[in-house]
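To keep things clear, I will list the structure first and then write my remarks on it.
In the numbering used here, the protein residues as written are 574 to 942.
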């Protein structure tokens, strides 16, 4: 029996992905032991923060790094760093940034809601969002024409939630940022390549520590040394309520050091999802096939298409039935409105794909909603 069951909560099978709403990731034994040991000892917080920044830099190839409580906090802190720098008077003013360079240019198709609003995270850091282009089409001219003396940064949001067509590329955004000597901020919260965007020339890159990394609840920023020093300085301002503790920093460092030796087993993902699809394709009303992640990441999910007439219920009803059980089974449901549910193999414990298939068959056989 796990800790949450002992506390009286329902058991959860997470087939949705490394989602904040389900606790992101399950950490390794070494990370878990690190969290325990760190929680029972004392440390100089400024010293461990600088050490964590050094480890972040080693893993990402950046000049320096800054740990955070999560990627969303990373957005606010990064924006604050380009607006206030290390000026304590400016830091203590934020998020009130009138009179400072405070405009952050974002492509319209990337103004997303990820559980909260990207625009709100930017605003928390004192940024004034400037949307450019249209939801499905942004030209380079849109970006350049929005740049003025108040522009603090260009920002790119790499997410499956964002519009995947018609946007200007990361490379183009970096080119424009360098042309006008403006910092380029990359929100790469769920990305699994921690060196790619620094190598491309980004000034600041933000990651989640609890998603691809499979670390504790945390986040990290990497980039130019002067900007990382400014990021850490924000803990004397808007970063204070977003602070990460000693346990989070210690666990984050261990997870970062483990990461290069781990990697996702793509063949295992695919083989597990093939078995699931073979099991479900014999069920009336269901068609199952493997699909790669829509944002191009090396994630291979089982897409279950539900024909409501043949299955006896639609995808939303099946989803509700799965989530209402005990264990509660959570599938990825970004396309439930068009009858598609997905199973993400990454967070599944051994054999849980079999439990999912069995539960789906049982629900459809009984017509339980």
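Glycine residues also receive a C-beta, built at the ideal position from the N, C-alpha and C atoms. Quantities reported herein were computed from a predicted structural model and do not represent experimental measurements.
Who are the near neighbours of residue i in its chain, counting only those whose CB is closer than 6 Å to its CB and skipping five residues on each side?
{"i": "residue 913", "result": "876 and 878"}
{"i": "residue 701", "result": "675 and 676"}
{"i": "residue 936", "result": "894"}
{"i": "residue 829", "result": "628 and 632"}
{"i": "residue 728", "result": "677, 679 and 758"}
{"i": "residue 836", "result": "Any reading at residue 836 must be qualified, since the residue scores a pLDDT of 47, below 50, and its modelled position is unreliable; no value is offered."}
{"i": "residue 926", "result": "845 and 849"}
Using 10 angstroms around the beta-carbon of residue i, count the other beta-carbons present and answer buried if the total reaches 16, otherwise exposed.
{"i": "residue 806", "result": "buried"}
{"i": "residue 724", "result": "buried"}
{"i": "residue 790", "result": "buried"}
{"i": "residue 584", "result": "exposed"}
{"i": "residue 613", "result": "exposed"}
{"i": "residue 910", "result": "exposed"}
{"i": "residue 764", "result": "buried"}
{"i": "residue 580", "result": "exposed"}
{"i": "residue 917", "result": "buried"}
{"i": "residue 587", "result": "buried"}
{"i": "residue 634", "result": "exposed"}
{"i": "residue 669", "result": "exposed"}
{"i": "residue 827", "result": "buried"}
{"i": "residue 942", "result": "Because the pLDDT of residue 942 is 49, which lies under 50, any placement of that residue in the model is unreliable, and the question is left without a value."}
{"i": "residue 753", "result": "exposed"}
{"i": "residue 823", "result": "buried"}
{"i": "residue 924", "result": "exposed"}
{"i": "residue 784", "result": "buried"}
{"i": "residue 845", "result": "buried"}
{"i": "residue 864", "result": "exposed"}
{"i": "residue 814", "result": "exposed"}
{"i": "residue 771", "result": "buried"}
Excluding sequence positions up to five away, which residues of its chain have a Cβ less than 7 Å from the Cβ of residue i?
{"i": "residue 808", "result": "816"}
{"i": "residue 711", "result": "680, 681, 682, 705, 739, 740 and 741"}
{"i": "residue 853", "result": "859, 861, 877, 930 and 933"}
{"i": "residue 883", "result": "857 and 858"}
Candidates the options: which alpha carbon is nearest residue i's?
{"i": "residue 907", "options": "932, 874, 897 and 925", "result": "874"}
{"i": "residue 761", "options": "794, 638 and 580", "result": "794"}
{"i": "residue 637", "options": "803, 683 and 665", "result": "803"}
{"i": "residue 691", "options": "707, 666, 719 and 731", "result": "731"}
{"i": "residue 578", "options": "624, 934, 910 and 900", "result": "900"}
{"i": "residue 657", "options": "697, 624 and 631", "result": "697"}
{"i": "residue 786", "options": "814, 825, 753 and 886", "result": "825"}
{"i": "residue 887", "options": "872, 867, 898 and 857", "result": "857"}
{"i": "residue 609", "options": "661, 818, 713 and 591", "result": "818"}
{"i": "residue 866", "options": "889, 648 and 839", "result": "839"}
Just checking my contact of residue i with residue j at CB under 8 Å: how many whole Å lie between their CB atoms?
{"i": "residue 842", "j": "residue 919", "result": "7 Å"}
{"i": "residue 800", "j": "residue 655", "result": "7 Å"}
{"i": "residue 695", "j": "residue 716", "result": "Contact flag wrong, Cβ pair sits at about 16 Å."}
{"i": "residue 719", "j": "residue 678", "result": "5 Å"}
{"i": "residue 616", "j": "residue 788", "result": "Contact flag wrong, Cβ pair sits at about 18 Å."}
{"i": "residue 821", "j": "residue 642", "result": "7 Å"}
{"i": "residue 685", "j": "residue 735", "result": "5 Å"}
Tell me whether residue i, by its Cβ, gets closer than 7 Å to a heavy atom of the ligand COA.
{"i": "residue 751", "result": "What this structure holds is no ligand at all, so the ligand COA is not there to describe."}
What residues in its chain sit with their C-beta under 8 Å from that of residue i, if we drop five residues either side in the sequence?
{"i": "residue 623", "result": "805"}
{"i": "residue 721", "result": "676"}
{"i": "residue 938", "result": "none"}
Per the contact definition of three or more C-beta pairs closer than 8 Å, is the segment 777 to 788 in contact with the segment 753 to 769?
With the cut-off at 8 Å, the segment 753 to 769 and the segment 777 to 788 touch.
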